[in-house]
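Read the structure below first, then the notes.
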Amino acid sequence: MARKLLLENAHIEGINTYDVYRKNGGYRSVEKALKSMSPEDVVEEVKKSGLRGRGGAGFPTGMKWSFIAKPDGVPRHLLCNADESEPGTFKDRYLMEKIPHLLIEGMIVSSFALGANHSYIYIRGEYMYVLRILEKAIAEAYANGWLGKNILGSGFDLDLSVSPGAGAYICGEETALIESLEGKRGNPRMKPPFPAVKGLWQRPTVVNNVETIAAVVPIVNEGGDEYAKIGIGRSTGTKLISAGGNINRPGVYEIEMNITVEEFIYSDTYCGGIKNGKKLKACVPGGSSVPILPHYLVCKTAAGQDRLMTYESLADGGFATGSMLGSGGFIVYDEDQCIVRNTWNFTRFYHHESCGQCSPCREGTGWMEKVLHRLEYGHGKMEDIDLLWDIQRKIEGNTICPLGDAAAWPVAAAIRHFREEFEWHVNEPKACMERNYGLVAEKTFEPATA
Amino acid sequence: MAEQTEKINVTIDGKTIAVDPGTTILNAARMIGGDVVPPAMCYYSSLKGSGGKCRTCLVEVSKGSEKDPRPMPKLVASCSTSVMDGMEVKNKTSERVNDARHGVVEFLLINHPLDCPICDQAGECHLQDLAFEHGLEKTRYEFKRRTFDKIDIGEYIKLHMTRCILCYRCVYTADQLTNQREHGVMKRGDAAEISTYIQNALDNDFIGNVIDVCPVGALTDKTFRFRSRVWYTKPMDAHRDCQKCSGKAVAWMIGDEIARITARKDQFGEVKEFICNECRFDKKEKTDWVIEGPRHIDRHSVISANKYEDPIPEHTPLLNKA
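Quick note, the sequences are listed as chains A and B, same order. Numbered by this note's numbering, the letters in the first sequence go through residues 2 to 451 in order. Numbered by this note's numbering, the letters in the second sequence go through residues 667 to 988 in order.
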């Protein structure tokens, strides 16, 4: 049985209340950090742990923390990004709903490490009931002296507030999140200046994902070196994966980052195989933004090695034959699913969620959606496929924030790996309305001869 | 102090210039002048916070700096990227830049109505110039274009959102020249629109300047709408004594009559001295103004040509091609 660090106690009755959480070893890391460690020690432990951002980009957290500017007399802030809106990702909700105190504990220790005296949890508006859970837990933490003035007599003050968004995916982008928290329209800011220098209210700010902050608790409890022993290479520790799609056991799983994708999909500990005994067609391993992988590239890399659930292995082969671990929204497709329809659906989402600030994303996402809609409903033309490729190419990398990339990648990958299915939609307009294309003719991987 | 004034070198399309630290690539290119200047649809030097949105000014940084010569992986917005010592930038000489710019122009045009024949901005429209230089001859967009109703915002200004490219310039103008924030952007994505709160009127002594900063025909002067094509009018430098503003403006004349008044724009189409509504909308008599003489409009459009037989030499090959 794999080790669990975050969800170890999630099954315990009443773990969302302070008393039960404390009885099960809660808030130990706060005691340890505030009584026996300096802020620099905590940052050092996080660096040693090799923890990487769990929100999608996988940036080393310790390094991010060490970038924060520390001008005299200017307050610093820690923001927790709980605006989990990526289609396919629901791990943060599970964590906050089950063990809200773990996030609060992580926030206290992380704020201590960064020297932040007022921290915020920015939660998406759709999670209003989770916000109530968090507010209750925060009230309990205040009542028991874990928040407020002079925590544990260490002289460290911390206020923690929860702030809901209004339902915009873009507010999960860190600078848009800051704008939104300041009460403005959630448009991403231009970088530089980076939030570590000028963030919330123009003060140095760190924005971290819920899971990242929660992972600080076991790191401080057991030491960074101990944490780094789990996993492979630069993918250390455990990762929450929210598995969905055509599998027998959808849900949130905590995995050690050393298991293979094959084990994750087919083992009864995790997804339990494809539903109804069907075959695997494709898989999106890290939330809707990351490139989709065809069945012959899911379990093996292009080089023929086993693909692992790690940052590096999932990205093996670049975007030509790989994908990304992303935020851990693991979506599995069986042989009956239509990739064109799926791509259209994703693009519809990005069209709806584009902030409209910069032109390629504002206009391009809508255009791609319309073209994909036309293809899916049997009115497409063969040129549309190349047109889509050209549109996504002109969006990618040319926008202010990564939403443009996130909109472009799924389209690019779908065309790259499932071009036949797009062509079939053009050639068989009637059939594509009635049935699905099925497996891409049992294709196997053929290395491109350059 | 000596170090602060030390100049740093930047090379754009093979031309090197020494500039102050903190200068953006776009401004450095403007100092060099000529065709190394990237087009800018949303950046406006006098408006704080503007720029970065339209993505037409994307350039390739082929060498980051003397210290760190690695090229930047992505194209960067030249209006919001500061130069570093020894930086090498490719604008027109980069295939990637030209390709991306083609893309941006195409994106800007897919929902633009292309109603230039009836648009008052035609002839002095930045989007027209941009499309002329970087656009495709034919659209690949086959869907219904986005449309909005025309709105009167205030006594003098007409908002035609359909033409808007969401550069946010007018938002910053209204925000920074006036006391209260009166208008902004509502909704998001391609449904986003410039609007005042519940179609309020924009009422401020300097609000007429939103017309001048608008790169397209989305905000037009109601006292001039449909009076004349701009290239039939003669721009004249004019001034008057004004209590509120500098009183320096351009009078666009038809014969002996003043058809409209605008602020003076520099060679990059930017207003340096904003003028008040009184000068712009109310003083339309020749006796109100001291006419200084003809104004040279330093833009690529037909106004500066003023007649079709004698276009700017650098564009002659393009015209002959068509």
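No residue lacks a Cβ here, since even glycine has one placed at the ideal position from N, Cα and C. If you're wondering where the values come from, they're calculated on a predicted model, not measured in any experiment.
By a C-beta neighbour count over all protein chains shown, 10 Å radius and 16 as the cutoff for buried, is residue i buried or exposed?
i: L638 of chain B; result: The shown model of chain B, from 667 to 988, leaves out residue 638 of chain B, and the question about it has no answer.
i: Q933 of chain B; result: exposed
i: M64 of chain A; result: exposed
i: L135 of chain A; result: buried
i: V75 of chain A; result: exposed
i: G305 of chain A; result: exposed
i: I784 of chain B; result: exposed
i: D226 of chain A; result: exposed
i: Y130 of chain A; result: exposed
i: A904 of chain B; result: buried
i: N277 of chain A; result: exposed
i: E951 of chain B; result: exposed
i: D158 of chain A; result: exposed
i: G27 of chain A; result: buried
i: Q787 of chain B; result: buried
i: D20 of chain A; result: exposed
i: I957 of chain B; result: exposed
i: S111 of chain A; result: buried
i: H102 of chain A; result: buried
i: S355 of chain A; result: buried
i: S37 of chain A; result: exposed
Ordered along the chain, which non-local residues of its own chain (more than five positions away) have a Cβ less than 6 Å from that of residue i?
i: W918 of chain B; result: T899, P901, A925 and R926
i: A409 of chain A; result: Q393, I396 and E397
i: T322 of chain A; result: L298 and A303
i: A884 of chain B; result: H826, R829 and C830
i: R893 of chain B; result: A925
i: H352 of chain A; result: T366, G367 and E370
i: C172 of chain A; result: D84, G166, L178, S181 and G187
Measuring only the C-alpha atoms, how far is residue i from residue j?
i: T844 of chain B; j: F814 of chain B; result: 26 Å
i: V43 of chain A; j: A70 of chain A; result: 17 Å
i: D781 of chain B; j: P705 of chain B; result: 22 Å
i: V641 of chain B; j: C359 of chain A; result: Nothing can be reported for residue 641 of chain B: it is not among the residues displayed for chain B, which extend from 667 to 988.
i: D976 of chain B; j: D795 of chain B; result: Confidence in D976 of chain B is poor, its pLDDT being 49 and thus under 50, which makes the residue's placement unreliable; the coordinate value appears in the next sentence. Rounded to whole angstroms, D976 of chain B to D795 of chain B spans 17 Å at the Cα level.
i: V511 of chain A; j: Y438 of chain A; result: Outside the shown range of chain A (2 to 451) lies residue 511 of chain A, about which nothing can therefore be said.
i: M667 of chain B; j: T928 of chain B; result: The predicted model places M667 of chain B with a pLDDT of 42, which falls under 50 and marks its position as unreliable; any figure quoted below should be read in that light. Spanning the two alpha carbons is a distance of roughly 41 Å.
i: P165 of chain A; j: S861 of chain B; result: 26 Å
i: V676 of chain B; j: M697 of chain B; result: 11 Å
i: T344 of chain A; j: G329 of chain A; result: 19 Å
i: V770 of chain B; j: T722 of chain B; result: 6 Å
i: G288 of chain A; j: H962 of chain B; result: 56 Å
i: P361 of chain A; j: G156 of chain A; result: 50 Å
i: K230 of chain A; j: M310 of chain A; result: 16 Å
i: D387 of chain A; j: P88 of chain A; result: 26 Å
i: I152 of chain A; j: N222 of chain A; result: 18 Å
i: K758 of chain B; j: Y834 of chain B; result: 26 Å
i: H778 of chain B; j: E377 of chain A; result: 26 Å
List the residues of chain A that residue i touches, going by C-beta distances under 8 Å, in chain order.
i: S746 of chain B; result: M191
i: K719 of chain B; result: Q358, C359, S360 and I401
i: L832 of chain B; result: G357, Q358, S360 and R363
With a threshold of 7 Å on Cβ separation, who are the neighbours of residue i within its own chain once the five nearest residues in sequence on each side are excluded?
i: P737 of chain B; result: V727, S728, K729 and G730
i: A988 of chain B; result: In this prediction, A988 of chain B has a pLDDT of 45, which is less than 50 and means its spatial position is unreliable; nothing more can be read from the coordinates.
i: C747 of chain B; result: The sequence shown places Thr at residue 747 of chain B, rather than the Cys named in the question. Contacts found: T690 and I691.
i: T871 of chain B; result: In the sequence as presented, Thr is not what sits at residue 871 of chain B; that position holds Asp. Around D871 of chain B: K910, C942 and N943.
Strictly below 7 Å CB to CB, what residues from chain A border residue i?
i: R806 of chain B; result: L388
i: L724 of chain B; result: N399
Anything in chain B within Cβ reach of residue i, meaning under 7 Å, just list it in chain order.
i: A368 of chain A; result: According to the sequence shown, residue 368 of chain A is Trp rather than Ala. Simply I776 and Y807.
i: K276 of chain A; result: The premise fails here: K276 of chain A is roughly 34 Å from chain B at the closest Cβ pair, so nothing lies under 7 Å.
So which residues of chain A does residue i contact, with C-beta pairs closer than 9 Å?
i: L741 of chain B; result: G398 and N399
i: V851 of chain B; result: R186, N188, G357 and Q358
Which residues in chain B have a C-beta closer than 8 Å to the C-beta of residue i? List them in chain order.
i: E364 of chain A; result: F773, L774, I776, N777 and D856
i: K371 of chain A; result: F809
What residues of chain B sit near residue i, judged by a beta carbon separation below 9 Å?
i: H352 of chain A; result: G855 and D856
i: K395 of chain A; result: D765, A766, H768, G769, V770, E772 and F773
Kindly list the residues whose CB is nearer than 8 Å to the CB of residue i, restricted to its own chain and excluding five residues on each side of it in sequence; keep chain order.
i: I248 of chain A; result: I266, C272, G273, G274, I275, K276 and V333
i: L201 of chain A; result: H78, L80, Y121, I179, L182 and E183
i: T682 of chain B; result: N675 and V676
i: P411 of chain A; result: V285, S289, S290, V291, P292, I293, T344, F347 and T348
Mind pulling the beta strand (DSSP E) runs of 3 or more residues that sit fully within the segment 91–127 of chain A?
Complete beta strand (DSSP E) runs here, min 3: 117–124.
Going residue by residue through the segment 28–92 of chain A, where are the continuous alpha helix (DSSP H) segments of at least 4 residues, counting only ones entirely within it?
Listed in chain order, the complete alpha helix (DSSP H) runs (minimum 4 residues) inside the segment 28–92 of chain A are 29–37, 40–50 and 62–67.
4 or more residues per run - each alpha helix (DSSP H) lying fully within the segment 831–897 of chain B
Whole alpha helix (DSSP H) segments, 4+ residues: 835–843 and 875–879.
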